[in-house]
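What follows is one structure encoded as C-alpha cells, with my remarks underneath.
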Amino acid sequence: MSLFRPLLLRALTMIGVFFVVLLLLVLTLGLTGFSNRILSATIGEQLRAERTALAETIRDPEEMEKVLEKRREELEIFYGLRTPWYYRLPRTVLRVLTLDLGEARTLRSFDGSNRVFDIVMERVPNSMLLLTTSLIITATIGIVAGTYLATQQGSWLDRFVSGFAAVSFAIPTWWIGILLILILSIQLRILPSGGMYSTPPPMQPLPRFFDLVQHALLPVITLTLVSIGPSMYSIRTITLNIAQEDHVNIARAKGLPESRVRLRHILRVAAPPIVTGLMFGLAGSLSGSILVETVFNWQGMGRLYYDALAGTPDENVIVALTFIFTLMYVVIRIVLEALYVFLDPRVRYTD
Amino acid sequence: MRRGDALRELLRSGPGIAGTTLAVALFVVALYVLLTFPLDFGESQWSNPVVWVDNPKAVPPVWTNALRRQPQPPHRVFEATEPDMIQMARSGPVHTWRFPLTYAASRPPTFLAVTLADVNYAERPPLVLISLKRPDGKQVRIFRHAVRGPREGENGPFQRYAKTPLRVQLSANEATVTAVQKFVADEFDLRLKSAQIGGRVDRILFGLPDANFADDIAPLPGDYEIIVQAALRAEDDTLGKVRFVVGGAVFGWMGTDSLGRDLAQGLLFGLPVALLIGIFAALMSTAIGTTLGIASGYLGGRADIVIQRMSDIVANIPVLPLLIFMLFIIGPSLWMIIVILVAFSWPGLTIQIRSMVLHMRANQLIEAIQSLGASRRRVMFRHILPQIMPYVLAQLIFAAPSAILAEAGLSFLGLGDPSIPTWGQILETGFRTGGIYVGYWWWIVPPGLFIVLTALTFMLLALGIEPVVNPRLRRGQ
Chain A
162 MSLFRPLLLR ALTMIGVFFV VLLLLVLTLG LTGFSNRILS ATIGEQLRAE
212 RTALAETIRD PEEMEKVLEK RREELEIFYG LRTPWYYRLP RTVLRVLTLD
262 LGEARTLRSF DGSNRVFDIV MERVPNSMLL LTTSLIITAT IGIVAGTYLA
312 TQQGSWLDRF VSGFAAVSFA IPTWWIGILL ILILSIQLRI LPSGGMYSTP
362 PPMQPLPRFF DLVQHALLPV ITLTLVSIGP SMYSIRTITL NIAQEDHVNI
412 ARAKGLPESR VRLRHILRVA APPIVTGLMF GLAGSLSGSI LVETVFNWQG
462 MGRLYYDALA GTPDENVIVA LTFIFTLMYV VIRIVLEALY VFLDPRVRYT
512 D
Chain B
60 MRRGDALREL LRSGPGIAGT TLAVALFVVA LYVLLTFPLD FGESQWSNPV
110 VWVDNPKAVP PVWTNALRRQ PQPPHRVFEA TEPDMIQMAR SGPVHTWRFP
160 LTYAASRPPT FLAVTLADVN YAERPPLVLI SLKRPDGKQV RIFRHAVRGP
210 REGENGPFQR YAKTPLRVQL SANEATVTAV QKFVADEFDL RLKSAQIGGR
260 VDRILFGLPD ANFADDIAPL PGDYEIIVQA ALRAEDDTLG KVRFVVGGAV
310 FGWMGTDSLG RDLAQGLLFG LPVALLIGIF AALMSTAIGT TLGIASGYLG
360 GRADIVIQRM SDIVANIPVL PLLIFMLFII GPSLWMIIVI LVAFSWPGLT
410 IQIRSMVLHM RANQLIEAIQ SLGASRRRVM FRHILPQIMP YVLAQLIFAA
460 PSAILAEAGL SFLGLGDPSI PTWGQILETG FRTGGIYVGY WWWIVPPGLF
510 IVLTALTFML LALGIEPVVN PRLRRGQ
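Residue numbers (the numbering used here), protein chains in the order written: chain A, 162 to 512; chain B, 60 to 536.
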C-alpha cells in the first residue's frame, strides 16, 4: 500500500492539472467571445463564397437576401453558433479527449493533409531534432563536468561554472539565438540564419541530411549554450551533497579506490534525480520551444502553436495542441513518478 | 539579526556588492526616466511617427565613428525662431537665418529636410527661399516656397502652418532636383537629366561633380552655410519657426530604428517598465505564495489539503503555451501579462513555506504563544511571518528576473502591450522587420543586454542575500 498511495495521489494531481488546463481553455475561448468570433468569421466567409456562386442564378436582390439569410441560419445551426459556448466548447473538448483531434482550417501538413493529427506527427520529429539533440549534449557534458567539478569544490573553475550558471538564468535563450544569427550567419556568413533546408532543398538523401544538420546547428548551439551551465551546476550540487554523506566516507575509510567510490557510491545514488531531470527534458523536447523555433523559423511544434494563434486563429488546432502539450506532460509526469519509486528505494518509505 | 548587520553581510560578498551597486544605478536611472519622460511616452511619442520624422532611419550610434576609418556624417538639426538679420527691401522686410555647417564626412548627408511653422501675414503671403553656400564659394538655391495666399472668403490676418507645419524633404523634392540640375549646368557645365540627379541631390550639393559623371562624386569637405530668407510683405508679418535638418548616417547614443525612432529613448523608457514588471509580479506572487503557505502549514486540516492540491496542480501546468494562448485571446495589456504571470508563479513558494511553517508549529515558542490565547491570525502574521521574512525576501528578489524574462519573451512573440514600449518589443520590431538580417546590431544587441543586465542585477542580489538569510552559508563556518 505504501508504494501505491503516493503514486495514486500524484496521478490524481496530474489528472487535475489536465482538467484545469482544459477548463481554462474553454473559459478563455468562451467568455471572451473569441470562439463565437471565429465561427462567425467562418460562416461569413462561406456565405460570401456562396453569394458569388448564387449571383449566376438568382437575379433579384431581395430574393438573394432571403436565400442567403436562410442559408446563414442553416450554417449557424450546423456550426453550433446558435448553441451557447458552454454547451458547444465542452463538446469539442470531449471529442479531443477521445483523441479525435479534428481538422485544421488553414494550416496544412507538408503533403497537404488538414488533419491536426497528421500535422502534429510531422512536427514532433522536427522539434525533437533540435531539443533532444541539445538535451543529449547538455546531459553528457553536464554529467561528466558536473561530477568532476564536485571534486574541485571551491576551485576557480568551480566558481566560474557557478557564475556562468547564474548568468544563464538571466539570459533569454531566444536572444542568444538572435545574437548567434547576427554574428555567425550575418557577419561571418558561416551558418544559415533560419529555416530547415536551403532553397531549393537538395534532393539526394545524403546532401539533404547534411543540409538539415547545417541548419540545425545554430539552434542546437543556442539551446545548449544556455542550458549547459545550469546542467553542470545542478549535477555538481547533487553529487556534492551525496559526497558528504556518511556512506561515502565509510567507503573511503575502507580504502576503496577513489574511482570506485565515485562510480559506485556517489554516482549510483545520484542517478535517480539526474535521470528524472533528463526525462523531464525529454518530455519537454516533444513540445518544442516556441521562442527558439520562432527565431530560427524552424517547423516544429512550438512554431506550429504560434502559427495557429498568430496568423488566422485556428480554434481546432489551438485546443488540440494545448491538449497534446498537457497530455504529454501529464503522462510523462505519471510515468516518471512511477519510475522514480522503483529507481529510488527511499521514496517508498517516506510519504 | 539587525538590519544594519544584514546590510553589512550583504556587502561582504562579491555578488552582494555587484548586485547592490547595479540595483542602485538602475533605480536612479529609472527614477530619472520617470521624472523626465511623459508617462504616456508610448502612445504620445514612441508610436507616433510624426515625432521621429526628422531622424535618419536605421542608422548606428554616433560613437561608432570612433571605430571607423572614415567617419559617417553626424545628424544636424538647426532650429530658430528669431531671425539673425532683418533687412528692408522694396517689397518689405527680409528676415534671414544663417546656419553654419562644417562638413567633414566622406559621405553626403542622408537627406535634407526643411520645416516651416507659424506663418502670419496681413495681406500678401511671404516667400521663403533657402540657399546653400558651399566652401568653393558657389551658392545654390535649393528651396523656394510661396506661402499659400488668402482663400476665397477668408479674411486677414492670415495664419498658415500653425497646427501642421510645412515639412519638405528636399532630397526628394522635384523643384530642388530642377534647381540642382540648373546648378550643375551653370557651374560645372554638365547637362543632366533629372532622372540622373534623383537620389543624388545630397551627393551633388555636398560634392564636386566632374565631367565623367558616372564616377562617384568626390565629396567636398569644408564650411557650408544654409541661408534661409523669408521675404515678408509687411512690418508685422512673421515666420515663426524655421527648422533645417541635415540627415546624418549616425544618430545619438543608441542609433535609430527603421522608423527613425531614437532607440536611446525607447531603451531608457523600457527600464522603469521592466523594473515595474519584475517587482510588481514578484511582490504579488510572493505575497500570495507566502500567505497560502503559512495558512496551509499552520492551519492544517482541510485548508491544508485544499491549498496543497491547488498548488500542486498550478505548479504543474505547462505555463508558456497557456500564457500565450490567454494573452492572445484576451488581448495584450501589461497588467494582463503581470496578472497571468502571478497566477501561475505562486505555488513553488507555497510548498516551501508550508514545510518551513510545519517545522515551526512544533516550536515551543509558538506553543507558548498559543497557550497565552493569541488568535490564529496573530500567531500567523505576528510570530510566524517575521521568522520566515528573510527567506521570503530572498525569494521575492529571486522571482523578479523570471517575470522580466517572461514579459520579454511574450513581447518578442508580438504579445506585448502596444501602448508601452518594452525591451522585448524593441527586439521584436527589429527581428520582425528584418533588421537582424541586414545586420542592424545596435537595434538587436542593446535591448537584450539591458534585459540580461536587469535580470542579472536581481540574480546577484539574491545570491548576495542568500548567506544573510541562510546562516549556514555565512562565511567563516
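The beta-carbon is built from N, C-alpha and C at its ideal position, and this holds for glycine as well.
Limits of the beta strand (DSSP E) - the one that residue i falls within
i                         : result
asparagine 214 of chain B : First-last for asparagine 214 of chain B: undefined, no H or E at that position.
arginine 203 of chain B   : 198-205
alanine 210 of chain A    : Premise fails: alanine 210 of chain A lies in the alpha helix (DSSP H), 195-215, not in any beta strand (DSSP E).
alanine 254 of chain B    : Unbroken run through alanine 254 of chain B is the alpha helix (DSSP H), 253-256; no beta strand (DSSP E).
valine 438 of chain B     : Looking at the DSSP string, valine 438 of chain B is not in any beta strand (DSSP E), and its letter there is neither H nor E.
alanine 139 of chain B    : 135-139
Rounded separation between residue i and residue j - CA only
i                         : j                         : result
alanine 231 of chain B    : leucine 175 of chain B    : 17 Å
arginine 198 of chain A   : leucine 262 of chain A    : 21 Å
histidine 418 of chain B  : histidine 442 of chain B  : 14 Å
glycine 75 of chain B     : valine 401 of chain B     : 27 Å
glycine 493 of chain B    : serine 201 of chain A     : 34 Å
alanine 163 of chain B    : proline 132 of chain B    : 7 Å
glycine 311 of chain B    : histidine 134 of chain B  : 8 Å
proline 184 of chain B    : proline 115 of chain B    : 32 Å
serine 346 of chain A     : leucine 340 of chain A    : 10 Å
leucine 508 of chain B    : isoleucine 451 of chain A : 21 Å
methionine 440 of chain A : threonine 299 of chain A  : 13 Å
isoleucine 383 of chain B : leucine 424 of chain B    : 47 Å
leucine 94 of chain B     : aspartate 476 of chain B  : 22 Å
alanine 125 of chain B    : valine 309 of chain B     : 11 Å
leucine 482 of chain A    : leucine 190 of chain A    : 14 Å
arginine 534 of chain B   : glutamate 525 of chain B  : Confidence at arginine 534 of chain B is low in this model, with a pLDDT of 44, below 50, so its placement is unreliable and no value can be given for it.
Bridge partner(s) assigned by DSSP for residue i
i                         : result
isoleucine 286 of chain B : B:Arg157 and B:Ser190
lysine 300 of chain B     : B:Ala176
leucine 267 of chain B    : B:Ala277
arginine 226 of chain B   : B:Thr174
threonine 315 of chain B  : B:Asp321
proline 152 of chain B    : B:Met147
Under 7 Å from the C-beta of residue i: neighbouring residues of chain A
i                         : result
tryptophan 500 of chain B : Leu343
glycine 407 of chain B    : Here the premise fails: no neighbours, minimum Cβ distance about 15 Å.
alanine 84 of chain B     : By Cβ distance, chain A contributes nothing, its closest Cβ being about 16 Å from alanine 84 of chain B, past 7 Å.
isoleucine 372 of chain B : Thr174, Gly177, Val178 and Val181
First and last residue of the uninterrupted alpha helix (DSSP H) at residue i
i                         : result
valine 328 of chain A     : 317-330
methionine 440 of chain A : 429-448
alanine 125 of chain B    : It is not in any alpha helix (DSSP H) - alanine 125 of chain B carries neither H nor E in the DSSP assignment.
alanine 514 of chain B    : 500-528
glutamate 230 of chain A  : 222-240
valine 236 of chain B     : 233-247
arginine 361 of chain B   : 360-375
isoleucine 399 of chain B : 393-404
serine 430 of chain B     : 423-430
Chain-ordered neighbours of residue i on chain A, where CB pairs are closer than 8 Å
i                         : result
arginine 368 of chain B   : Thr174 and Gly177
valine 504 of chain B     : Leu340 and Leu343
methionine 385 of chain B : Leu185 and Thr189
Coil, strand or helix - residue i by DSSP
i                            : result
aspartate 64 of chain B      : helix
glutamate 264 of chain A     : strand
threonine 308 of chain A     : helix
proline 366 of chain A       : helix
proline 331 of chain B       : helix
valine 309 of chain B        : coil
phenylalanine 271 of chain A : coil
arginine 243 of chain A      : coil
alanine 346 of chain B       : helix
arginine 256 of chain A      : helix
arginine 292 of chain B      : coil
arginine 166 of chain B      : coil
arginine 276 of chain A      : strand
Residue i: contacting residues in chain A (beta-carbon distance under 9 Å)
i                         : result
proline 167 of chain B    : Correct list: empty, because the minimum Cβ distance to chain A is about 27 Å.
isoleucine 510 of chain B : Ala331, Ile332, Pro333 and Trp336
Listed by chain order, chain B residues near residue i by CB distance under 9 Å
i                     : result
serine 354 of chain A : Ile495 and Tyr496
Within chain B, partners of residue i - CB distance below 7 Å
i                            : result
phenylalanine 195 of chain A : Ile388
threonine 455 of chain A     : Leu472
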